[in-house]
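The structure under discussion appears below in the form of structure tokens.
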Amino acid sequence: MRALVLCCLVFVIQGCKNLPMDQAVQVGARPYYLIDKMTDGPLKQQLAACGNDPFYKTDFVIGHRGAPMQFPEHSKESYLAAARMGAGVLECDVAFTKDKQLVCRHSQCDLHTTTNILAIPELAAKCSQPFTPAKDGQPAHAKCCTSDITQAEFLTLKAKMDGANANAKTVAEYMQGTPSWRTDLYANSGTVMTHQQSIELFKSLGVKMTPELKSPEVSMPFNGFSQQDYAQKMLDEYRALGVNSQDVYPQSFNLEDVKYWLNNHPEFANNSIYLDGRDEQADFDAMDETTWQPSMQALYNDGVRIIAPPMWMLLSLDESGAIVPSLYAIKAKQAGLNIITWSLERSGPLNNGGGYYYQSIARVIKQDGQMMNVIDVLAKQIGVMAIFSDWPATLTYYASCMQYPASES
Numbered sequence: 012m013r014a015l016v017l018c019c020l021v022f023v024i025q026g027c028k029n030l031p032m033d034q035a036v037q038v039g040a041r042p043y044y045l046i047d048k049m050t051d052g053p054l055k056q057q058l059a060a061c062g063n064d065p066f067y068k069t070d071f072v073i074g075h076r077g078a079p080m081q082f083p084e085h086s087k088e089s090y091l092a093a094a095r096m097g098a099g100v101l102e103c104d105v106a107f108t109k110d111k112q113l114v115c116r117h118s119q120c121d122l123h124t125t126t127n128i129l130a131i132p133e134l135a136a137k138c139s140q141p142f143t144p145a146k147d148g149q150p151a152h153a154k155c156c157t158s159d160i161t162q163a164e165f166l167t168l169k170a171k172m173d174g175a176n177a178n179a180k181t182v183a184e185y186m187q188g189t190p191s192w193r194t195d196l197y198a199n200s201g202t203v204m205t206h207q208q209s210i211e212l213f214k215s216l217g218v219k220m221t222p223e224l225k226s227p228e229v230s231m232p233f234n235g236f237s238q239q240d241y242a243q244k245m246l247d248e249y250r251a252l253g254v255n256s257q258d259v260y261p262q263s264f265n266l267e268d269v270k271y272w273l274n275n276h277p278e279f280a281n282n283s284i285y286l287d288g289r290d291e292q293a294d295f296d297a298m299d300e301t302t303w304q305p306s307m308q309a310l311y312n313d314g315v316r317i318i319a320p321p322m323w324m325l326l327s328l329d330e331s332g333a334i335v336p337s338l339y340a341i342k343a344k345q346a347g348l349n350i351i352t353w354s355l356e357r358s359g360p361l362n363n364g365g366g367y368y369y370q371s372i373a374r375v376i377k378q379d380g381q382m383m384n385v386i387d388v389l390a391k392q393i394g395v396m397a398i399f400s401d402w403p404a405t406l407t408y409y410a411s412c413m414q415y416p417a418s419e420s
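For the sequence shown, position 376 (counting from the first letter as 1) is numbered 387 according to this note's numbering, and the numbering increases by one without interruption.
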């Protein structure tokens, strides 16, 4: 009997060792927890029935900065976690360094909250604004940018969970600002990455890629580096590494960046994404199409094929309080635009209405299980082509259960 058990164990271990990454998708406990918390009904029954089914990688699932609910954003570890959870597309937000090299960072000036730069005196001294402790009612603050340091210096940093303690008196206290619903369990040695390194990693993982050209926080041109140089350099790095343009989804909140790609790189045209951040404009109303400038039809006529607003702009409530597609979602689809949305699993517990990403439906959001209902509306009633998520496993469970096509990459 012992020999039989050992033989079976060896077979299982060897089989697992040879299993390709894209067949070894793991969703963990969280999707099951969310389904358990759903109100009883047909959707809950359908999702629960898939609990023992195989889960697989789909392009419906985008790892938003990797898997930053629990791993430092834009770190190698975060990307690996997202791929293991079935993300068919991974995101590198692209910023540039002092020597005009491209790196993965959500903001050009977030190094003080996403890395250990303040703990390295020789690099902290190069920050745009050095650490200043909280005093006399003024919060602690600092500002460290990728453009303050070279790429070589950037690569000496360690990624940490995004956050800062505004009440800090010391650098050590300032760096301890992780929200309580996240974790520092995997955050003591995050590996930062250049844009080129991310491409190589994503190729090895067999995933598609969606780089976002981040808005510079320095005056452009930067030492002769223009906005168009920046937009061009990002795509050039995919070409240089032999990536098929159909596997790349370049994105920007700056419509001029998107138009530059459309006009100069037609091979990327159908995949270029206009990130819609117009809700930051005082006169924008997601329920009044006269405030959408340019209009959905104008965007389509200019060559835009994919629009990506935050989730709340796509959702509304009907008279009964049911979650339904918003006017924005309806008009975008009528204009022929494909839709991607952001970001799932970024709000923490939903018992207080869900915050920014759920603001249009906040009065009915009471508990975590409703996340699955929101996904279902986005997927079935609106027909979004993909969703960004800070924890891809949740979407992978849904997509696999609903038999979305497996990723071909």
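Glycine residues also receive a C-beta, built at the ideal position from the N, C-alpha and C atoms.
What span of residues does the beta strand (DSSP E) with Asp110 cover, start to end?
In the sequence shown, the residue the question calls residue 110 occupies position 99. Premise fails: Asp110 is in no beta strand (DSSP E) and is neither H nor E.
State the DSSP-derived secondary structure class of Gly347, mapped to helix, strand or coil.
Against the sequence shown, residue 347 aligns to sequence position 336. Reduced to three states, the DSSP call for Gly347 is coil.
Report back the beta-carbon spacing between Ala319 and Leu286 to the nearest angstrom; my notes put them in contact at under 8 angstroms.
The residue you call residue 319 lines up with position 308 of the sequence shown. The residue you call residue 286 lines up with position 275 of the sequence shown. Rounded, the Cβ-Cβ distance is 5 angstroms, consistent with contact.
Consult DSSP for Ala153 and reduce its assignment to one of helix, strand or coil.
Working through the sequence shown from its first residue, we reach residue 153 at position 142. Secondary structure at Ala153: strand, using DSSP grouped into helix, strand and coil.
Identify, in the order they occur along the chain, each residue of the same chain with its Cβ nearer than 8 angstroms to the Cβ of Pro360, setting aside the five sequence neighbours on each side.
To locate residue 360, count along the sequence shown from 1; it is residue 349. Trp192, Asp379.
With DSSP collapsed to three states, give me the class of Ser89.
Numbered from its first residue, the sequence shown carries residue 89 at position 78. Correct three-state label for Ser89: helix.
Taking the alpha-carbon positions, what's the Ser418 to Asn282 distance?
Here residue 418 refers to the residue found at position 407 when the sequence shown is read from its first residue. Here residue 282 refers to the residue found at position 271 when the sequence shown is read from its first residue. Using only the alpha carbons, I get a separation of about 16 angstroms.
Rounding to the nearest angstrom, what Cα-Cα distance links Ile398 and Met96 in this structure?
Reading the sequence shown from its first residue, position 387 is the one you call residue 398. Reading the sequence shown from its first residue, position 85 is the one you call residue 96. Approximately 14 angstroms, taken between the alpha carbons.
Give the straight-line distance between the Cα atoms of Met32 and Gln112, rounded to the nearest whole angstrom.
Counting from one through the sequence shown, the residue named residue 32 turns up at place 21. Counting from one through the sequence shown, the residue named residue 112 turns up at place 101. With a pLDDT of 47 at Met32, under the threshold of 50, the predicted position of this residue should be treated as unreliable, though the coordinate-derived value follows. Those two C-alpha atoms are separated by around 30 angstroms.
Given 8 angstroms as the limit, is there contact between the stretch 142–153 and the stretch 57–75, that is, 3 or more CB pairs closer than that?
no
So what's Asp51 in DSSP terms, helix, strand or just coil?
As a first step, residue 51 must be located in the sequence shown, where it is residue number 40. Looking at Asp51 - three-state DSSP - the assignment turns out to be coil, as it is neither helix nor strand.
Can the beta-carbon of Thr8 be found less than 8 angstroms from the beta-carbon of Glu88?
The requested residue 8 does not occur in the structure, where the chain is confined to residues 12 to 420.
Please classify Tyr408: does DSSP put it in a helix, a strand, or coil?
Counting from 1 along the sequence shown, the entry for residue 408 is found at position 397. DSSP places Tyr408 in helix when its eight states are reduced to three.
If you run the structure through DSSP and keep just helix, strand and coil, what is Asp33?
Taking the sequence shown and counting its residues from 1, one reaches residue 33 at position 22. Its pLDDT being 45, under 50, Asp33 is placed unreliably by the model, and nothing is read from it.
Relative to the C-alpha of Asn312, which residue among Ser256, Leu348, Gln243 is closest?
Taking the first residue of the sequence shown as 1, we reach residue 312 at position 301. With distances taken between Cα atoms, Asn312 lies closest to Leu348.
Please determine, among Ser237, Leu273, Pro222, the residue with the shortest C-alpha to C-alpha distance to Tyr249.
Your numbering for residue 249 matches position 238 in the sequence shown. The residue with the shortest Cα to Cα distance from Tyr249 is Pro222.
Of the residues Arg357, Met220, Ala179, which one's Cα is nearest the Cα of Ala78?
Translated into the one-based positions of the sequence shown, residue 78 becomes position 67. Minimum Cα distance to Ala78 is reached at Arg357.
Are the stretch 256–268 and the stretch 129–147 touching by the rule of at least three beta carbon pairs closer than 8 angstroms?
no
Would the stretch 335–344 and the stretch 40–59 be scored as touching if the rule is three or more Cβ pairs under 8 angstroms?
no
Under DSSP, the beta strand (DSSP E) around Asp70 begins and ends at which residues?
The residue given as residue 70 occupies position 59 in the sequence shown. Note, Asp70: beta strand (DSSP E), 69–74.
Tell me whether Leu196 sits in a helix, a strand or coil according to DSSP, three-state version.
Position 185 of the sequence shown holds residue 196. Looking at Leu196 - three-state DSSP - the assignment turns out to be coil, as it is neither helix nor strand.
Would you kindly check if the distance between the Cβ of Ser306 and the Cβ of Met324 is under 8 angstroms?
Locating residue 324 in the sequence shown gives position 313, where the first residue counts as 1. Locating residue 306 in the sequence shown gives position 295, where the first residue counts as 1. For Met324 and Ser306, no; Cβs fall outside 8 angstroms.
Who are the Cβ neighbours of Gln25 in its own chain at under 7 angstroms, not counting the five residues just before and after it?
As a working mapping, residue 25 is identified with position 14 in the sequence shown. Reliability of the predicted coordinates at Gln25 is poor, the pLDDT of 40 falling under 50, and the value obtained from them is presented with this limitation in mind. Excluding sequence positions up to five before and after Gln25, its CB lies less than 7 angstroms from no other CB in the same chain.
Measure from the alpha carbon of Tyr368 to the alpha carbon of each residue in Thr167, Asp290, Gly332, then state which is nearest.
Translated into positions along the sequence shown, residue 368 becomes position 357. The residue with the shortest Cα to Cα distance from Tyr368 is Asp290.
Could you pull the start and end residues of the beta strand (DSSP E) that Ser424 belongs to?
One cannot answer for residue 424 here, as it falls past the ends of the chain, which runs 12 to 420.
Could you check the C-alpha separation between Lys244 and Asp268 for me, to the nearest Å?
Numbered from 1 along the sequence shown, position 233 holds the residue referred to as residue 244. Numbered from 1 along the sequence shown, position 257 holds the residue referred to as residue 268. Using only the alpha carbons, I get a separation of about 12 angstroms.
Looking at Leu168: is its Cβ nearer than 8 angstroms to the Cβ of Thr126?
What you label residue 168 is simply residue 157 of the sequence shown in a count that begins at 1. What you label residue 126 is simply residue 115 of the sequence shown in a count that begins at 1. Result yes, Cβ atoms of Leu168 and Thr126 sit closer than 8 angstroms.
Tell me which residue opens and which closes the beta strand (DSSP E) that Gln140 is part of.
Within the sequence shown, residue 140 is the residue found at index 129, counting from 1. From DSSP, the beta strand (DSSP E) with Gln140 extends over 140–143.
Kindly indicate the opening and closing residues of the beta strand (DSSP E) around Ser400.
By one-based count along the sequence shown, residue 400 stands at place 389. From DSSP, the beta strand (DSSP E) with Ser400 extends over 397–400.
Identify the continuous beta strand (DSSP E) that holds Tyr368 and give its terminal residues.
Along the sequence shown, read from residue 1 onward, the residue named residue 368 stands at position 357. It is not in any beta strand (DSSP E) - Tyr368 carries neither H nor E in the DSSP assignment.
Please tell me whether Arg41 and Trp402 are closer than 8 angstroms, where the distance is taken between their beta carbons.
The residue labelled residue 41 in the question sits at position 30 within the sequence shown. The residue labelled residue 402 in the question sits at position 391 within the sequence shown. Yes; because the gap between Cβ atoms is below 8 angstroms, this pair is in contact.
Going along the chain, which residues of its own chain have a beta-carbon closer than 8 angstroms to the beta-carbon of Ala280, five neighbours each way excluded?
Sequence index remark: in the sequence shown, residue 280 carries index 269 (1-based). Around Ala280: Trp272, Leu273, Gly314, Arg316.
DSSP on Lys169, reduced to helix/strand/coil?
For the purposes of this step, residue 169 is taken as the residue at position 158 of the sequence shown. It is a strand residue.
Please report how far the alpha carbon of Gly288 lies from the alpha carbon of Gly394, in whole angstroms.
Translated into the one-based positions of the sequence shown, residue 288 becomes position 277. Translated into the one-based positions of the sequence shown, residue 394 becomes position 383. Approximately 20 angstroms, taken between the alpha carbons.
Taking only the alpha-carbon atoms, compute the straight-line gap between Gly365 and Lys391 and give it to the nearest angstrom.
As a position in the sequence shown, residue 365 is number 354, starting the count at 1. As a position in the sequence shown, residue 391 is number 380, starting the count at 1. Approximately 21 angstroms between the Cα atoms of the pair.
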